[in-house]
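Residue numbers (the numbering used here), protein chains in the order written: chain A, 11 to 294; chain B, 11 to 298.
Written out as structure tokens, the structure is:
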């Protein structure tokens, strides 16, 4: 009980500190920008730990963070194997294939106005569908190993990337294209020097959406059948054994992998589209 | 709009054509094996005919799926457990309940974030970061945990749906509530409008287009959440359960029809939201 009250007290204090910080002059500095959300995150963890331990919530309902961390540290080899199976073999290879295919398709589609008109509505229609439902079919076709997961990921990332790329390729302005014509630039030169660069912000938008989808696709596809390794497999079997600390450890891995993947793509975007208004740093 | 009907139809026809070809190609192996076992030799036409009407094809032909869809929606009673309408309704109700909860909470949080700087600085980075995390992975755990606490039926699924639609709404709504230009805010100041008046008369109307954009994302995510939420409950009812049961028993036609039903459901939900968007914006005079 004392622990629960202690956690609530900590929460009140931290919240008060956050309000003070946010309204002080520190808020606009780098330190303030980082400190406030971190303090909030830590508070949530402390509150979770304190309430679970203080009210003695059974571990099969909600394990405290410390238990999850202990489990994480104790089973790094299992987690690493699962990560390799699901993320590197399944999600990453599917992502590369799907993005590559969508890219090639987008450039083909872009050459023919007729195809673009037809494929864009169909593509954006399919992008809004619950594509994850194809997982059982693809698992049936490609077997239980990582190939079927990669196939699910390919299907999931294909349409968002396609739609965004096609949209991006049309984003170069008329006057810029005319300029390329006056330079007597050929199709490929125009594509390479003008239209691809100006499509980059759109392409990266699609790529960023696709990072999350890739991980979701790889994990959910494992619910329909998998070898005895993999994040989705571990989650569904550990839930069955009520080993919730393992499930949470696996979720922590998924969260870390997901944000790292997204972060990498965002970093690449920053490097490649430094000229775009949304990336320019504001001078004060 | 009219210009794109022909191209769209062409693309759809091409997809159907590829589908038929793929069905013939993928199912032929099985047909040939059966024929070999029965020591028959089949002509090409016979092989093609057989690939179109297998019971458990690797890839059912479009017309097989269409027949199955017709049989399970129109010819079965709605209350029957074999009716797709029944399963679709279960998924839909969880989706809508979750969507309502998620949207409501999302809007409330967004209002809090816009009016409270401490909340903005603490919650916003996490709300954005949470979009990069595969939230769906926790779906089975939520279902099982809530079941063990005694919450069963609609609520656990709705909870996942709510969680998935929550963050898009928060992020979109914060953007929308912040969208009024400084000049407009200044104008409200010169009217000596109170904070609540600024909110109701300026910020809220300005946020409506942003809200609808995120609602469209949110409702699609809600449906996915409800379907995935049905997977670990041991295949009782709902479109997700149909998918799982189909994959256990190799009933490919059933999987495909559930998939098409889910697609139709998603498309009509997004369509309804965009219709509402058009009507609302038209009524508000923002778009003609």
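We put the beta carbon where it would ideally sit given N, CA and C, even for glycine. Fair warning: this is a prediction, and the values are worked out from it, not measured in the lab.
For residue 100 of chain A, there are no C-beta contacts with chain B under 9 Å, since the nearest C-beta of that chain is about 12 Å from it. For residue 43 of chain B, the secondary structure class from DSSP, reduced to helix, strand or coil, is helix. Interface residue (Cβ-Cβ distance to chain B less than 8 Å): residue 202 of chain A is not classified as such. Sequence-distant Cβ neighbours of residue 257 of chain B in its own chain, meaning closer than 7 Å and more than five residues away, are 265. Within the same chain, 17 and 20 come within 6 Å of residue 56 of chain A by CB-CB distance, once the 5 residues on both sides are set aside. Contact annotation: the stretch 148 to 165 of chain A does not touch the stretch 45 to 60 of chain B, with fewer than three C-beta pairs closer than 8 Å.
Taking 4 residues as the minimum length, the alpha helix (DSSP H) runs contained wholly in the stretch 34 to 89 of chain B are 54 to 61 and 72 to 83, in order along the chain.
Look at residue 154 of chain A here: in three-state DSSP terms it is coil, with no helix or strand label.
Annotation for residue 269 of chain A: the continuous alpha helix (DSSP H) segment containing it runs 254 to 282. Secondary structure in the stretch 200 to 227 of chain B: the alpha helix (DSSP H) runs of 4 residues or longer, each lying completely within the stretch, are 205 to 208 in chain order. Here the stretch 85 to 100 of chain B lies against the stretch 266 to 276 of chain B, with 3 or more beta-carbon pairs under 8 Å apart. Proximity of chain A to residue 135 of chain B at the Cβ level (cut-off 7 Å) is accounted for by 47, in chain order.
The C-beta distance from residue 171 of chain A to residue 231 of chain A rounds to 19 Å, too long to fall under 8 Å, and the pair is not in contact. DSSP places residue 232 of chain A in the uninterrupted alpha helix (DSSP H) bounded by 206 to 232. Secondary structure note for residue 93 of chain A: its alpha helix (DSSP H) is the uninterrupted segment 86 to 93. Taking C-beta atoms as the reference points, residue 177 of chain B and residue 205 of chain B fail to come closer than 8 Å.
When C-beta atoms of the stretch 190 to 203 of chain A are compared with those of the stretch 139 to 153 of chain A, fewer than three pairs fall below 8 Å, so the two segments do not count as touching. Take the alpha-carbon of residue 289 of chain B and the one of residue 281 of chain B: they are about 12 Å apart. Against chain A, a Cβ distance below 9 Å from residue 284 of chain B picks out nothing, because the smallest value is about 11 Å.
Out of A:258, A:11, A:12 and A:24, the CA that lies nearest to the CA of residue 149 of chain B is found in A:258. DSSP places residue 108 of chain A within a helical segment (H, G or I) once states are collapsed to three.
Contact of residue 138 of chain B with chain A is not assigned, every C-beta pair being separated by 8 Å or more. Of all residues in the stretch 142 to 156 of chain B, the ones placed with a Cβ closer than 7 Å to any Cβ belonging to chain A are 142, 143, 144, 146, 147, 148, 150, 151, 154 and 155, in chain order. If you draw a straight line from the Cα of residue 43 of chain A to the Cα of residue 104 of chain A, it is about 36 Å long. For residue 184 of chain A, the enclosing alpha helix (DSSP H) has its first and last residue at 184 to 192. With respect to residue 179 of chain B, residue 117 of chain B sits close: the two C-beta atoms are nearer than 8 Å. Residue state for residue 188 of chain B is assigned as coil, using DSSP reduced to three classes. In the three-state reduction of the DSSP assignment, residue 97 of chain B falls in the helix class. Annotated three-state conformation of residue 151 of chain B is helix, per DSSP.
Closest option to residue 29 of chain A, judged by alpha-carbon separation, among B:127, B:173 and B:29: B:127. Note on geometry: alpha-carbon atoms of residue 47 of chain A and residue 138 of chain B lie some 12 Å from one another. In summary, residue 37 of chain B is buried, with 16 or more beta-carbon neighbours lying within 10 Å of its beta-carbon over all protein chains present.
For residue 18 of chain B and residue 27 of chain B, the gap between their C-alpha atoms comes out near 14 Å.
Residue 126 of chain B sits in coil when the DSSP states are folded into three classes, being neither helix nor strand.
Between residue 263 of chain B and residue 81 of chain B a beta carbon distance of about 10 Å is seen, past the 8 Å cut, so the two are scored as non-contacting.
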